[in-house]
Amino acid sequence: MTMSKPSIAIILSTTRQGRFADKAGPWIRGLVAERADMASELLDLRDYPMPFFDEPASNAWVPSKNEVAQRWQHKVASFDGYLFVVAEYNRGLTAVLKNALDYAYPEWNRKAAAFVGYGSVGAARSIEQLRLSCIELQLAPTRHGVHIQGSDFMAVYRDGKDLKQQVRYLEPNVTTMLDEFHWWASALMAARASSR
Ligand SMILES: Cc1cc2nc3c(=O)[nH]c(=O)nc-3n(C[C@H](O)[C@H](O)[C@H](O)COP(=O)(O)O)c2cc1C
778 MTMSKPSIAI
788 ILSTTRQGRF
798 ADKAGPWIRG
808 LVAERADMAS
818 ELLDLRDYPM
828 PFFDEPASNA
838 WVPSKNEVAQ
848 RWQHKVASFD
858 GYLFVVAEYN
868 RGLTAVLKNA
878 LDYAYPEWNR
888 KAAAFVGYGS
898 VGAARSIEQL
908 RLSCIELQLA
918 PTRHGVHIQG
928 SDFMAVYRDG
938 KDLKQQVRYL
948 EPNVTTMLDE
958 FHWWASALMA
968 ARASSR
């Protein structure tokens with residue numbers, strides 16, 4: 778059986794003006810685009826301005842009434858995997874991303890997740906939290922993550938250095954992570970198709 782290549786959403790975790798996500802998102806998207814084995818689309822939560830969760834239950838149980846939430850769920854459903862571009866706010870996940878995770882459920886199930894983080898410790902702590910939420914959402918998280926840390930982050934964020942030049946040494950790490958992500962996204966695509 779020939780399967781089409783996995784379709785991947787690159788999801789930005791922040792929405793504030795001047796966000797670093799506008800550097801990290803296009804950087805990782807550029808590296809994904811160099812590969813022929815996955816298709817990608819950048820998903821911006823600014824385009825899905827949902828209220829703080831305000832439904833009778835998760836949409837695992839009760840269909841959501843909010844129209845933006847319905848549009849978000851529809852969009853999430855169309856992908857085979859999610860590459861999260863993760864910031865860290867007070868050692869945790871950004872509220873806007875957690876809210877967006879909560880606004881879908883079956884749409885995330887049995888798909889792959891991977892992570893690019895940035896911040897003083899490369900968002901390692903918020904990504905650990907996100908990995909735990911992935912379990913509940915029935916997402917398979919990759920072992921490898923990519924972390925833009927400390928001096929690299931500050932060189933770009935504060936000193937205006939070019940991100941791609943600054944973190945060229947991370948590109949083999951990106952390849953390892955994307956290879957693993959691709960394996961899981963493809964395996965789960967096939968498994969979902971055969972159990973439909
Ligand atoms: C409310 C808030 C809390 C923050 N807490 C942390 C933190 O716990 N760890 C960290 O590494 N950076 C922290 N930072 C700094 C962020 O890493 C930095 O502002 C980064 O650019 C945020 O991502 P964004 O620009 O896409 O919003 C915090 C920033 C904000 C606005």
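With my numbering, letter number 117 in the sequence shown gets 894, and the count goes up by one each step, no holes. Note that the Cβ used here is the ideal one computed from N, Cα and C, for glycine as well. Quick caveat, the model's predicted, so the values are computed rather than measured.
Could you tell me which of Gly937, Gln926, Tyr882, Arg823 sits nearest to Ala901, measuring between CA atoms? Residue mapping note: residue 901 aligns to position 124 of the sequence shown, counting from 1. Between Ala901 and the set Gly937, Gln926, Tyr882, Arg823, the nearest pair of CA atoms involves Gln926.
Take Glu957 as the anchor and find which of Gln942, Gly922, Arg969 has the nearest alpha-carbon. Your numbering for residue 957 matches position 180 in the sequence shown. Selected option, being the one with the closest Cα: Gly922.
Bridge partners of Phe829, per DSSP? Taking the sequence shown and counting its residues from 1, one reaches residue 829 at position 52. Phe829 pairs with nothing; no bridge assigned.
For Val853, which residues of its own chain have a beta-carbon under 6 Å away from its beta-carbon, when the five flanking residues on both sides are left out? Working through the sequence shown from its first residue, we reach residue 853 at position 76. Within the same chain, Val853 has close Cβ partners Ala881, Glu884.
Is Val933 close to ligand 1? I mean its beta-carbon at under 7 Å from any heavy atom of the ligand. Here residue 933 corresponds to residue number 156 of the sequence shown, with the count starting at 1. Flag unset: Cβ of Val933 not near ligand 1.
Expressed to the nearest angstrom, what Euclidean distance is found between the alpha-carbon atoms of Ser855 and Ser784? Start at 1 with the first residue of the sequence shown, and residue 855 comes out as number 78. Start at 1 with the first residue of the sequence shown, and residue 784 comes out as number 7. When rounded, the distance between both Cα atoms is 8 Å.
Quick check: the Cα distance between Ala968 and Gln847, rounded to an integer number of angstroms? Your numbering for residue 968 matches position 191 in the sequence shown. Your numbering for residue 847 matches position 70 in the sequence shown. Taking the straight line joining both Cα atoms gives about 26 Å.
Might you give, ordered along the chain, the residues of its own chain that have their beta carbon closer than 6 Å to the beta carbon of Leu874, omitting 5 neighbours on each side? Position 97 of the sequence shown, counted from the start, is the residue given in the question as residue 874. Closer than 6 Å at the Cβ level, and outside the excluded window around Leu874, lie Ser790.
Beta-carbon separation of Leu965 and Ala917 under 8 Å? Counted from its first residue, the sequence shown places residue 965 at position 188. Counted from its first residue, the sequence shown places residue 917 at position 140. Against a cut-off of 8 Å, the Cβ pair of Ala917 and Leu965 comes out as a contact.
Shorter than 7 Å, the distance from the beta carbon of Ser897 to the closest heavy atom of ligand 1, or not? Walking along the sequence shown from the start, residue 897 turns up at place 120. Indeed, a heavy atom of ligand 1 lies less than 7 Å from the Cβ.
Measure the C-alpha to C-alpha separation of Ala810 and Leu819 and round it to an integer number of angstroms. Locating residue 810 in the sequence shown gives position 33, counting from the first residue. Locating residue 819 in the sequence shown gives position 42, counting from the first residue. About 11 Å.
Alpha carbon to alpha carbon, how far is Gln794 from Ala872? Sequence index remark: in the sequence shown, residue 794 carries index 17 (1-based). Sequence index remark: in the sequence shown, residue 872 carries index 95 (1-based). Cα to Cα, the separation comes out at about 16 Å.
Can you have a look at Lys888 and say buried or exposed, based on whether 16 or more other CB atoms are within 10 angstroms of its CB? Sequence index remark: in the sequence shown, residue 888 carries index 111 (1-based). Lys888 comes out buried.
Is Arg868 near ligand 1, judged by its Cβ being under 7 Å from some heavy atom? Looking up residue 868 in the sequence shown gives position 91. Distances taken from the Cβ of Arg868 to the heavy atoms of ligand 1 include one shorter than 7 Å.
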